[in-house]
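Quick notes on the structure that follows.
Residue numbers (the numbering used here): 8 to 152.
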C-alpha cells in the first residue's frame, strides 16, 4: 500500500496548501468573530508563534497523508480521504480541546465544540484535496479494496 515519493509529496503539498490557506483565514479573521478573546483572551499571545505552528503542522500533515491520503490514493477513493480526514482532524483537535478543561479553569465548552468542528472540516478538506492531487498526477484505473 505504498505510493511513489512524488505522489506523496504532491499529496502533502496540496493538503498543506489547503490547511495553510484556511488556517490563515481562520486565525486572521473568523477566529476573531467567535468568542475566543472574551473567554481566553488573557491566555492569548499578542504575536502568533510561527515556529511551534510549523512543527505541529509538518508532523500533523505527514501523519494525515501517510495514514489517510496514501491508503485512499492506493484505493483511488477520495471519499475515503474525506471522511477519514475528518476523523483524524477531530482526533487531533480533541487532544487539545478535551485536555484544556482538565488543566485550565473555566475553559468554555463552546470553544471546544467550535474547534472540534473546525478541525474535522479542515482535515477532511485537506485530505480530500491531497488525495485528488496525488491521483491526478498518475491517473489510473480504480482499484477497489
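Ideal placement from N, C-alpha and C gives every residue a C-beta, glycine not left out.
Note that the structure is a prediction, hence the values are computed from the model and not measured.
Contact annotation: residue 13 and residue 80 have beta-carbon atoms that are not nearer than 8 Å. In this structure, the straight-line span from the alpha carbon of residue 86 to that of residue 66 is close to 23 Å. Restricted to the segment 81-128, the alpha helix (DSSP H) segments that are unbroken, complete and at least 4 residues in length are 85-104, 107-110, listed in chain order. Closest in alpha carbon position to residue 48, among 132, 140, 123, 118, is 118. The beta carbon of residue 122 sits closer than 7 Å to the beta carbons of 100, 104 from its chain, once the five residues preceding and following it are set aside; these are given in chain order. Counted as a single uninterrupted DSSP element, the alpha helix (DSSP H) harbouring residue 59 occupies residues 57-71. For residue 48, there is no enclosing alpha helix (DSSP H), as DSSP marks it with neither H nor E. Counting along the chain, residue 20 sits inside the alpha helix (DSSP H) bounded by residues 12-32. For residue 76, the three-state secondary structure derived from DSSP is helix.
By the Cβ test, the segment 11-31 is in contact with the segment 128-137, since at least three Cβ pairs between them sit closer than 8 Å.
Each residue's CA atom was taken as its position, placing residue 36 and residue 53 some 15 Å apart.
Inter-residue distance for residue 143 and residue 45 is about 45 Å (C-alpha atoms, whole angstroms). The distance from the Cβ of residue 26 to that of residue 129 is about 6 Å, consistent with a contact at the 8 Å cut-off. Looking only at 120, 31, 138, the smallest Cα-Cα distance to residue 107 is reached by 120.
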